[in-house]
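Taking UniProt numbering, I'd label the letters of the sequence shown as residues 1 to 405.
Backbone N, C-alpha and C define an ideal beta-carbon position, used for all residues, glycine too.
Small disclaimer: the values here were computed from a predicted structure and weren't measured.
Structure record follows, encoded as structure tokens.
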Amino acid sequence: MPILRQENERQTGKGLQARLLKTLLPLLLFSVLLLNGCSRFKAALPGKYVYVTAKSGFLRDRIAAVSNRTANVTNGQRLKVLETNRRFYKVQTDANEVGWIDERTVATQQVADEFEALKKDHAADVPVATATVRDDVYLHSAPGRDTDRFYRLDEGEKLKLLARASTVKPLPPGVTPQKAAADAANAAPKKKGAPAVSLPDAPYVPPMEDWWLVRDSKGNTGWMLSRMMDTEVPDSVSRYAEGQRIVAAYVLTIIQDPEMEGPVKDVPIYVTAMSPYKAGLPYDFDQLRVFTWNLKKHRYETAQRDRNIAGYLPIKLKTDPGGLNGRQVVGPAPAFTYTVLAAGASLPVADKATGLFKPSQLVSKTYRLEGNITRRVLAPGATAPAEFRLVAEEKKEKKGAKKKR
């Protein structure tokens, strides 16, 4: 009898263990899945923030095709993350408004930190030119279309240009480098009477596009595609561009013309930098031109033109104190200084990482304005150093020009 009782108790204990295991096993599995983050909803880390990149938007009360707006948000606004669900964030504004927002319309804290670092690193940079935004556009963290973007600028926003970089322009979808090279070879202008030559192995030179590091009116700093802005150039001198692009215009001084029509008698004297309408150039400008005012004819005229140079911005304005300039003593006068590539130096190549051009050797040139004439400023007994000169391109024949008989 004692043996039979022990056997019954042993079987009863096994049954109880089996029932407990059957009851607790689902709870244990659910706990493991919950700890591994397999739930649809995940609690956000404390202090995690995202920033609105869309021009404007709103928060919704739930993730559904039909939802209610809980708050409006604007570009650059900071939002505290409360939860995440697939590609949506549940966020809270500084005004304690709560709602859901699509992750594609916000930037992470890392992206915001990159732009803040750009702002601090270039806070003391002197602008080389000014421009206006042509259409709504984003600022990028680095040159290139695939880089992170954050601030969105409206059409008409005023910009200060700080530095230029060039990157390879992406090819259209479905276009290979070989096809692009063949199309470029076929589109190249051919001289009359030249035999047709096939270029199956022509090297492919990828097209480039320019980017500018800019600072907007709010102090935000970032990279912007150059074709999305217009450099601010006075209409009074833009007509003299002669097919070139004026990349910068500086007011050297202001004179008075008493015979001018209207109440304003002030006339600015300009120093301008010009370049071809091409992207990826290894220099900022290839021509410098000074426009002075003819008081008798009441119009702008060219006082100085420096062509076929590899020049680099900025152009610095100052007042020359005067002194012995050549063989005569002169007094103070408005002056400007610009830098060009030195003779013997090679044209720089855009850095693959940053897109910036870093010339190896430069020559500094200073001129002063004496009336309507500019004169080179050199130390007594000094000679002007040699400069790198670009090869002038041949002018294309005008279409439809009449042939001489």
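Rounded to whole angstroms, what's the CA-CA distance from K158 to V214? Just pull it up for me.
Here residue 158 is taken as the residue at index 158 of the sequence shown, counted from 1. Here residue 214 is taken as the residue at index 214 of the sequence shown, counted from 1. Near 10 Å, if we compare the C-alpha coordinates of V214 and K158.
Measure the CB-CB distance between R289 and T272 and report whether it falls below 8 Å.
As a first step, residue 289 must be located in the sequence shown, where it is residue number 289. As a first step, residue 272 must be located in the sequence shown, where it is residue number 272. Yes, Cβ-Cβ distance for R289 and T272 is below 8 Å.
What distance in whole Å lies between the Cβ atoms of G344 and G331, which are believed to be in contact at a cut-off of 8 Å?
The sequence position of residue 331 within the sequence shown is 331, counting from 1. The sequence position of residue 344 within the sequence shown is 344, counting from 1. Actually they do not touch by this definition, with Cβ atoms about 37 Å apart.
Rounded to a whole number of angstroms, what is the C-alpha to C-alpha distance between L79 and W100?
Along the sequence shown, read from residue 1 onward, the residue named residue 79 stands at position 79. Along the sequence shown, read from residue 1 onward, the residue named residue 100 stands at position 100. Their backbone Cα atoms lie some 11 Å apart in a straight line.
Tell me the residue span of the alpha helix (DSSP H) that contains L118.
Translated into the one-based positions of the sequence shown, residue 118 becomes position 118. Taken as a continuous stretch (DSSP letters only), the alpha helix (DSSP H) holding L118 covers 109-121.
Please identify the residue among T354, Y283, G355, A303 whose C-alpha is closest to the C-alpha of A342.
For this step, residue 342 is matched to residue 342 along the sequence shown. Ranking the options by Cα distance to A342, first place goes to Y283.
Given this structure, state the Cα-to-Cα distance separating residue 487 from V126, to the nearest angstrom.
Residue 487 lies beyond the stretch modelled for the chain, which goes from 1 to 405, so this question has no answer here.
One question on the structure: do K263 and I254 come within less than 8 Å of each other, judged by their Cβ atoms?
Residue 263 sits at position 263 when you count from the first residue of the sequence shown. Residue 254 sits at position 254 when you count from the first residue of the sequence shown. The amino acid occupying residue 263 in the given sequence is Pro; Lys does not appear at that position. Result no, Cβ atoms of P263 and I254 do not sit closer than 8 Å.
Beta-carbon within less than 6 Å of Q287's beta-carbon, same chain only, minus the 5 sequence neighbours each way: which residues are those?
Within the sequence shown, the letter at position 287 stands for residue 287. Result list for Q287: M274, R307, in chain order.
Can A310 and L390 be called in contact, C-beta distance under 8 Å?
On the sequence shown, position 310 is the one that residue 310 refers to. On the sequence shown, position 390 is the one that residue 390 refers to. Yes. Within cutoff.
Using 8 Å as the cut-off, can you tell me whether the region 139-147 makes contact with the region 233-253, which would need three or more C-beta pairs spanning the two stretches below that distance?
Result no; under three Cβ-Cβ pairs closer than 8 Å.
Measuring CA to CA, which of G219, V340, D230, V205 is closest to S364?
For the purposes of this step, residue 364 is taken as the residue at position 364 of the sequence shown. Answer by Cα proximity: V340.
What does a CB cutoff of less than 7 Å around A142 pick up in its chain, not counting 5 residues either side in sequence?
Working through the sequence shown from its first residue, we reach residue 142 at position 142. Closer than 7 Å at the Cβ level, and outside the excluded window around A142, lie W223.
Starting from the C-beta of R104, find all residues in its chain whose C-beta is less than 8 Å away, skip the five residues before and the five after it, and write them out in chain order.
Against the sequence shown, residue 104 aligns to sequence position 104. Within the same chain, R104 has close Cβ partners R87.
With 16 as the cutoff for other CB atoms within 10 Å, does L313 come out buried or exposed?
For the purposes of this step, residue 313 is taken as residue 313 along the sequence shown, with counting starting at 1. Label assigned to L313: buried.
Tell me the DSSP secondary structure of residue 437 in three-state form.
In the structure as shown, the chain begins at 1 and stops at 405. Residue 437 is therefore absent and cannot be evaluated.
Distance check for R376 and V237, CA to CA, integer angstroms please.
Residue 237 sits at position 237 when you count from the first residue of the sequence shown. Residue 376 sits at position 376 when you count from the first residue of the sequence shown. When rounded, the distance between both Cα atoms is 23 Å.
Could you say which of R60, Y240, L295 lies nearest to M260 if we only look at CA atoms?
The residue you call residue 260 lines up with position 260 of the sequence shown. M260 has its Cα closest to that of L295, out of R60, Y240, L295.
Keeping to the same chain, check which residues put their C-beta closer than 6 Å to that of Q304; ignore five residues upstream and five downstream.
Against the sequence shown, residue 304 aligns to sequence position 304. Counting only Cβ-Cβ distances below 6 Å, and skipping sequence neighbours, we find V290, T374.
Is it true that the CB of M228 sits closer than 8 Å to the CB of V137?
If you number the sequence shown from 1, residue 137 lands on position 137. If you number the sequence shown from 1, residue 228 lands on position 228. For V137 and M228, yes; Cβs fall inside 8 Å.
Tell me the residue span of the alpha helix (DSSP H) that contains D94.
Taking the sequence shown and counting its residues from 1, the one referred to as residue 94 is at position 94. D94 -> no alpha helix (DSSP H), and no H or E assigned at all.
Three-state secondary structure (DSSP) at M274?
Position 274 of the sequence shown, counted from the first residue, corresponds to residue 274. Residue state, collapsed to three classes: strand.
Using the Cβ count rule (16 or more neighbours within 10 Å means buried), how would you classify T383?
The sequence position of residue 383 within the sequence shown is 383, counting from 1. By the 10 Å Cβ count, T383 comes out exposed.
Which two residues bound the contiguous beta strand (DSSP E) that contains V73?
Locating residue 73 in the sequence shown gives position 73, where the first residue counts as 1. Segment 69-74, the beta strand (DSSP E) holding V73.
Go ahead and label Y338 buried or exposed: buried means 16 or more other beta carbons lie within 10 angstroms of its beta carbon, across all protein chains shown.
In the sequence shown, residue 338 corresponds to position 338, counting from 1. So Y338 ends up on the buried side.
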